[in-house]
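For reference, the structure discussed in these notes is given below.
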Amino acid sequence: MDVIAIDIGGTKIASALVTLGDGMPAIEHYESIPTEAKQGGDHVLARVIAAASRVQGLAPDAEGIGVSTAGVVDPRTGDIVYANEIMPGWGGTHLGSELSGACGLPVRVLNDVHAHALGEARHGAGTGAASCLCVAVGTGMSGAFIDRGFIVLGAHDVAGHIGHVGCTLAAGLPCTCGATGHVETVAAGPAIAAEYIRLGGDSEDGAEIDRRARAGDEAARAAQARAGHALGEVLGSMANAFDPEAIILSGSVANCGHHWSDALRESYAALAMKPVANTPILPGTLGGDAPLIGAGEHFKAPAYRELLA
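In short: position in the sequence shown from 1, add 100, done, that's the working numbering.
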């Protein structure tokens with residue numbers, strides 16, 4: 101099956117043709133363009149339609165469009181229920197119906213982290229696992245729990261917001277969501293940068309901080325270790341609650357060196373009950389292809405049980 105796949109983020113819109121068969125999906129006609137999110141939801145929608153139309157022109161026999169997008173999605177309608185200030189005006193966009201009307205093809209839409217998780221679960225690090233907890237840590241932090249091929253959606257369509265789980269190191273810290281004490285405030289990329297500056301560092305660039313940590317900068321190492329400790333605590337708690345067969349980590353922060361990963365594993369071990377103590381914690385393997393593959397898979401067969409009712 102050939103599916104036009106679109107991945108909409110705060111900084112870029114990726115588009116490609118995904119061919120789904122019995123083996124590893126093939127990706128062709130890939131292109132990435134700036135989202136230009138600050139120009140508003142209507143502008144972003146026009147760019148999405150243009151990106152999909154480009155692939156459609158190259159692959160006129162594509163059977164439909166699978167979309168991965170930032171924001172809270174109603175997968176029944178393809179509407180964007182909520183989007184934060186990174187994409188002003190994106191919330192309320194009738195993405196599924198607008199894109200279908202413009203291209204004349206059926207469309208299925210899901211959240212970008214859910215799409216990434218689905219791609220990794222079916223064709224990446226989670227291949228063969230009955231259940232996976234997938235966590236993406238970068239500028240923000242989110243996740244998805246996949247059980248026997250289906251993404252857990254939740255009563256309000258927001259299951260998987262692991263960045264908004266409480267942790268000890270975040271106690272009292274204000275979160276961007278309006279609450280306090282959430283792990284994103286200490287474990288995401290901006291938190292690592294802020295802690296490094298607090299400890300006397302002079303860079304807010306995550307890749308540079310990681311380079312310095314690997315080179316022996318104690319402040320950089322401490323900032324990364326603090327973030328790893330916080331994430332490990334939450335992963336241990338989540339493993340106790342959901343008992344996944346594997347935990348998959350992706351995003352820029354997941355590429356940090358061993359001071360981050362050692363702290364994460366130490367903290368996880370302190371929190372995890374014996375039955376889940378040896379749950380494998382794995383790096384994602386698909387990179388930027390994961391959400392495109394996940395979007396294609398969701399078009400091929402709905403990834404939410406709720407859509408089968």
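Built from N, CA and C at the ideal position, the CB exists for glycine as well.
Predicted, not measured: the structure shown is a model, and the values here were computed from it.
Boundaries (first-last residue) of the alpha helix (DSSP H) holding residue i
i	result
residue 144	141-158
residue 338	318-342
residue 404	First-last for residue 404: undefined, no H or E at that position.
residue 295	289-298
residue 362	358-371
Residue(s) in a DSSP beta bridge with residue i
i	result
residue 187	For residue 187, which the question treats as bridged, DSSP gives no partner whatsoever.
residue 237	241
residue 173	180
residue 247	231 and 250
residue 410	Because the chain is modelled from 101 through 409, residue 410 falls outside the range shown and cannot be assessed.
residue 164	103
residue 274	280
Secondary structure of residue i, DSSP reduced to three states
i	result
residue 311	helix
residue 378	coil
residue 383	strand
residue 265	coil
residue 304	coil
residue 354	helix
residue 389	helix
residue 259	coil
Boundaries of the beta strand (DSSP E) in which residue i is found, first to last residue
i	result
residue 130	126-134
residue 280	Per DSSP, residue 280 belongs to no beta strand (DSSP E) and is neither H nor E.
residue 350	346-350
residue 115	112-119
residue 105	102-108
When the options are compared against residue i, the one with the closest alpha-carbon
i	options	result
residue 106	185, 211, 139 and 299	211
residue 123	101, 144, 108 and 110	101
residue 227	249, 329, 151 and 272	249
residue 382	229, 131, 327 and 298	229
residue 127	136, 135, 134 and 116	116
residue 110	130, 120, 143 and 104	143
residue 198	389, 261 and 146	146
residue 400	295, 368, 247 and 215	215
residue 339	244, 193, 112 and 225	244
residue 149	357, 163, 114 and 223	114
residue 410	351, 332 and 323	Absent from the structure is residue 410, since the part of the chain shown begins at 101 and ends at 409.
residue 394	138, 165 and 160	165
residue 306	360, 266 and 336	360
residue 169	375, 209, 320 and 155	209
residue 358	398, 301, 155 and 314	314
residue 328	341, 343, 201 and 355	355
residue 380	404, 398 and 349	349
residue 246	233, 239, 258 and 254	233
residue 204	152, 134 and 331	152
residue 163	103, 320, 342 and 254	103
residue 131	139, 320, 119 and 155	155
residue 178	192, 280, 271 and 133	192
residue 388	224, 255, 180 and 323	224
residue 119	406, 396, 316 and 240	396
Item to check | Length-filtered (4 minimum) alpha helix (DSSP H) runs lying within the segment 191-228 | outcome: List check, alpha helix (DSSP H) in window: 195-203 and 212-223.
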